[in-house]
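Visitor: Residue numbering for the sequence shown follows the numbering used here, starting at 416 and increasing by one per position. Even for Gly, the Cβ is constructed at its ideal location relative to N, Cα and C. Treat the numbers as computed from the prediction; the structure is a model and nothing was measured.
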Amino acid sequence: MTEVHINSTYADRQGGKALGLHLLRDMGYQVPDYFVVSHDDDSTSPEAIARFTRFATQTGRVAVRSSANIEDGAHYSFAGQFDSYLDVPADEIPARIADVRESITSDHVRQYTEAMGLAVDDIKMNVIVQQFEEPNAGGVWMGTGASGGRLEWVDGRGDAVVNGTAEPYFESYGQDGTMLAKNADLILADDSGRSVAEVCKEIQEKLGYNVDLEFCITKNGVQWLQLRKVTKDIETHSTPEAEEVLEALTINGEAASPYTASGTAYRLDQKGGIEWGMGKILIARATSPADMMYIMTAEGVVTRMGGMLSHSAVVCRELGKACVVGVDIDKIDHGSAVSIDGKAGKVFLS
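(1) For residue 616, name the three-state secondary structure that DSSP assigns.
(2) When the Cα atoms are used, what is the spatial distance from residue 538 to residue 565?
(3) Alpha carbon to alpha carbon, how far is residue 636 from residue 606? Give it in angstroms, no decimals.
(4) Are residue 503 and residue 477 close, meaning C-beta to C-beta below 8 Å?
(5) Could you round the C-beta distance between residue 560 and residue 526 to whole angstroms and report it? I think they count as a contact, below 8 Å.
(6) Check for me: the alpha helix (DSSP H) holding residue 533 runs from which residue to which?
(7) Taking just the CA atoms, how far does residue 430 sit from residue 506?
(8) Counting Cβ pairs closer than 8 Å, one from the region 698-718 and one from the region 738-752, do we hit at least three?
(9) Determine, using beta carbons only, whether residue 552 comes closer than 8 Å to chain C.
(10) In or out: residue 484 buried (at least 16 other Cβ within 10 Å) or exposed?
(11) Which same chain residues end up closer than 8 Å to residue 457 when comparing Cβ atoms and leaving out the 5 residues on each side of it in sequence?
(12) Quick one: is residue 486 buried, meaning 16 or more other Cβ sit within 10 Å of its Cβ, or exposed?
(13) If you follow the alpha helix (DSSP H) that residue 707 is in, where does it begin and where does it stop?
(14) Reducing DSSP to helix, strand and coil, say where residue 610 ends up.
(15) Which residues share a DSSP beta bridge with residue 585?
(16) For the alpha helix (DSSP H) containing residue 436, name the first residue and the last one.
(17) How is residue 491 classed by DSSP in three states: helix, strand or coil?
(18) List the DSSP bridge partners of residue 690.
(19) By the 10 Å Cβ neighbour count, where 16 or more other Cβ atoms means buried, how is residue 664 classified, buried or exposed?
(20) Helix, strand or coil for residue 474, going by three-state DSSP, please let me know.
(21) On the DSSP bridge assignment, give the partners of residue 638 in chain order.
(22) So, do the region 665-683 and the region 736-743 have three or more beta carbon pairs nearer to each other than 8 Å?
Dropping the structure here:
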């Protein structure tokens, strides 16, 4: 097992995302070149501009990503809460750093921090500037114990997986490492033929805890973009509660957060006629950070797009709210009575 010891000064000036990248690199895995702009660094000085220019000259376009001191830790993911930018040219780096720093002032960040018992003033926003290469595929792994986990990916950029705007391919593995299910013809692998899931399991086994990994596949192989400890474990299988109501009109989806909820369906695309408030089940094609107010106060969340590893699903698990994804929401009427089982992946209509 690999142990990591980190002092508060390092966390304050590097942040959780940078720690994960450092750890991956130290373990011998391929991480695109990067550096960290600490929260109190001047990103507009001549020296800083010169550094950005030198780096971009060497690497080409860059990604500018958040690495707050309390982000991507063992307890709080801040999944999708802060802004990040891909394919950024050198002359835009200072502006994008400013945008990432400014994102801590958004309403949805305030709502998330309050729900977690934190305060915006606790946040020190460090920023990662990292080499960017247009990927052939990208996605996320989330561990479920021992050698188990779930891999979700899409062709092209993997941000569509975490943003919940795509229906990803997936592979699911039991705790002994054997495949339980997949929805693609082929197992995701790099050009050498090595399975991405096998590498994810290897990292997880070395660390000795469930990991949340973000990756992309480029012409240079698998590149690792994020490592954090899973803040809330995934649980997905049929439950007695689900079996008792199978005779009701049931819409099958994908389990994303193992809780149950009942309430009035509130469709984001049909807001009129019903006042938002307690007792509502949020129904949406997809959710974004701007919808955090709805997620925070909803009894549960149902989406058409996205997978189990999307940011909204991660946040629902952290908040203890039911979530089902991959649902045909056209079958759910605005204002109708709905029950959802986020462990069985089912929506029940009265």
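Guide: Once the coordinates are examined:
(1) helix
(2) 30 Å
(3) 7 Å
(4) yes
(5) Going by Cβ atoms, the distance from residue 560 to residue 526 rounds to 31 Å, so no, they are not a contact pair.
(6) Note, residue 533: premise wrong, no alpha helix (DSSP H); not H, not E.
(7) 25 Å
(8) yes
(9) Protein chains in the displayed structure number just one, and chain C is not present.
(10) buried
(11) 463
(12) buried
(13) 707-712
(14) strand
(15) 567
(16) 431-441
(17) coil
(18) For residue 690, which the question treats as bridged, DSSP gives no partner whatsoever.
(19) exposed
(20) helix
(21) 631
(22) yes
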